[in-house]
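Asks: Below you will find the structure I want to go over with you.
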Amino acid sequence: MEFLSALTGSFSHPAAGNPTVAMVEAAYRHHDLDFRYINCDVAEDGLEDAVRGARAMGWRGFNLSIPHKIAVIDHIDGLAESAAIIGAVNCVRRDQDRLVGENTDGKGFVQSLDGIVGIPGTRVVVLGAGGAARAIAVELALAGADQVTLINRTAAKAEAIAALVSTHTSAEGVVRSWSEPLQIPEGTDVLVNATSIGLYPNGGMPPVDFSSLNPATLVADVIVNPRDTPFLAEANARGCKTIDGHGMLVNQAIIGVAHWTGVHVDGAVMRSTLASIFG
Numbered sequence: 035m036e037f038l039s040a041l042t043g044s045f046s047h048p049a050a051g052n053p054t055v056a057m058v059e060a061a062y063r064h065h066d067l068d069f070r071y072i073n074c075d076v077a078e079d080g081l082e083d084a085v086r087g088a089r090a091m092g093w094r095g096f097n098l099s100i101p102h103k104i105a106v107i108d109h110i111d112g113l114a115e116s117a118a119i120i121g122a123v124n125c126v127r128r129d130q131d132r133l134v135g136e137n138t139d140g141k142g143f144v145q146s147l148d149g150i151v152g153i154p155g156t157r158v159v160v161l162g163a164g165g166a167a168r169a170i171a172v173e174l175a176l177a178g179a180d181q182v183t184l185i186n187r188t189a190a191k192a193e194a195i196a197a198l199v200s201t202h203t204s205a206e207g208v209v210r211s212w213s214e215p216l217q218i219p220e221g222t223d224v225l226v227n228a229t230s231i232g233l234y235p236n237g238g239m240p241p242v243d244f245s246s247l248n249p250a251t252l253v254a255d256v257i258v259n260p261r262d263t264p265f266l267a268e269a270n271a272r273g274c275k276t277i278d279g280h281g282m283l284v285n286q287a288i289i290g291v292a293h294w295t296g297v298h299v300d301g302a303v304m305r306s307t308l309a310s311i312f313g
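This note's numbering applies: residue 35 is where the sequence shown begins, and numbers increase by one.
In structure tokens:
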């Protein structure tokens, strides 16, 4: 018998509200993997020590959340292609003696669209210009979207993401002003709320003029809690197909676990765990 589990985990601050530990541990148990996932509250000034400790203890990898997704780049050994373009890391994997940064947020979102909409040639509108918006915009562009439009209150942040898209992918990056109510451009195939508007307990929804929304548009929200946001409810009432934030969260976790274990875990186990937490 062996009594030494392989270690993975997450570094963030604060960390207590992060549900990833619950769904990853459930997947490890379901697949009888001798791995553990440890949720760690790491302050900004402790990140370097945390990474050094993970390296010393032979961790197979770890996730990063606020406020470490950019700062961690200075403490690891390399970046995967999309992480280098995005300029942020949410997943680190061990490659022999090297720690390599990945960004699985956008990849998880792209996978959540599988079987619902074909990405090549689409015109996408992303609300927000934070880390999630940046990852989603870049990955959709890399997956073949024709145009990615950013709408954000701070125009400079949207312009930076649009420039990334135009410079590093074949897609066109476009910026529109945040003028309320938000008019959704004609011909939009996918609309994504990548802001925190609607997150529990604050609620609310982005100030979209839903009369400008074509019922053929696929509408997605990255918010996990609540699962059924007012934004998605309004889109449903308009006749749109919708995708909640659980798909992105589960898919990025599946990708991360595959990096660490080599096993493609059952996403249904993770989804049921999230459902038991958030209802």
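We put the CB at the ideal spot given by N, CA and C, even for glycine.
Here the structure is a predicted model, which means the values were calculated and not measured.
Mind checking F37: buried by the 16 CB within 10 Å criterion, or exposed?
Replies: That one is exposed.
Asks: Just confirm the distance between the C-beta atoms of G135 and I107, as a whole number of angstroms; I'd bet it's less than 8 Å.
Replies: Contact flag correct, Cβ pair sits at about 6 Å.
Asks: Where does V63 land, buried or exposed, given buried means 16+ other C-beta within 10 angstroms?
Replies: Note that residue 63 is Arg in the sequence shown here, rather than Val. The residue in question, R63, is exposed, as its Cβ has fewer than 16 Cβ neighbours within 10 Å.
Asks: Alpha carbon to alpha carbon, how far is G301 from N285?
Replies: The alpha-carbon atoms of G301 and N285 are separated by roughly 7 Å.
Asks: Check N270 in the structure and name its three-state DSSP category.
Replies: Helix.
Asks: Is DSSP giving Y62 helix, strand or coil here?
Replies: Helix, per DSSP.
Asks: Can you give the Cα-Cα distance for V256 and M35, rounded to whole angstroms?
Replies: Their backbone Cα atoms lie some 43 Å apart in a straight line.
Asks: Should N236 be flagged as near chain D, meaning a C-beta pair shorter than 9 Å?
Replies: Going by chain labels, chain D is absent from the structure shown, which holds only one protein chain.
Asks: Quick one: measure Cβ to Cβ for G290 and C74, integer angstroms, because I've assumed they're closer than 8 Å.
Replies: With 8 Å as the limit, G290 and C74 do not qualify as a contact, their Cβ atoms being about 15 Å apart.
Asks: Helix, strand or coil, according to DSSP, for A147 in the structure here?
Replies: Position check: residue 147 holds Leu in this sequence, whereas Ala was assumed. It is coil, neither helix nor strand.
Asks: According to DSSP, is I104 helix, strand or coil?
Replies: Three-state result, I104: coil.
Asks: What are the partner residues of L184, as DSSP defines its beta bridges?
Replies: Answer is V160, V209, bridged to L184.
Asks: When the Cα of N52 is compared with those of V158, A267, V258, which residue comes out closest?
Replies: Considering only alpha carbons, the answer is V258.
Asks: Can you look up T229 in the DSSP assignment and give me helix, strand or coil?
Replies: Coil, per DSSP.
Asks: Is N97 helix, strand or coil when you go by DSSP?
Replies: Strand.
Asks: From which residue to which residue does the alpha helix (DSSP H) around L41 run?
Replies: Counting along the chain, L41 falls outside any alpha helix (DSSP H), though it belongs to the beta strand (DSSP E) covering 40-46.
Asks: Note down the Cα distance separating A117 from V172, rounded to an integer number of angstroms.
Replies: Straight-line Cα distance between these residues: approximately 10 Å.
Asks: Closest to L225 by C-alpha separation, out of Y234, A122, S204, I185, would be which residue?
Replies: Answer by Cα proximity: I185.
Asks: From what residue to what residue does the alpha helix (DSSP H) around E136 run?
Replies: Segment 132-136 is the beta strand (DSSP E) holding E136; no alpha helix (DSSP H) there.
Asks: For G112, list the residues DSSP reports as bridge partners.
Replies: G112 pairs with V134.
Asks: Could you tell me which of K191, A77, L133, V199 sits nearest to G112, measuring between CA atoms?
Replies: Considering only alpha carbons, the answer is L133.
Asks: Using the Cβ count rule (16 or more neighbours within 10 Å means buried), how would you classify G221?
Replies: Per the 10 Å Cβ criterion, exposed.
Asks: In its own chain, which residues sit with a C-beta less than 7 Å from the C-beta of K103, not counting the 5 before and 5 after it?
Replies: Cβ within range, chain order: A122, V123, N124, G165.
Asks: So, is T188 buried or exposed, given that buried needs 16 or more other C-beta atoms within 10 angstroms?
Replies: The residue is exposed, with fewer than 16 neighbouring Cβ atoms inside 10 Å.
Asks: Going straight from the alpha carbon of D68 to that of G92, what length do you get?
Replies: Answer to the nearest angstrom: the Cα atoms are 14 Å apart.
Asks: Which same chain residues, not among the five before or five after Y71, have their C-beta less than 6 Å away from its C-beta?
Replies: These residues qualify, in order along the chain: T42, G43, V55, V58, E59.
Asks: Using CA atoms only, rank isn't needed, just tell me which of A61, A254, A114 is closest to C274.
Replies: Nearest option by C-alpha distance: A254.
Asks: Between V303 and A61, which are expected to be in contact by the criterion C-beta below 8 Å, what is the C-beta distance as a whole number of angstroms?
Replies: With a Cβ gap of about 5 Å, V303 and A61 count as contacting.
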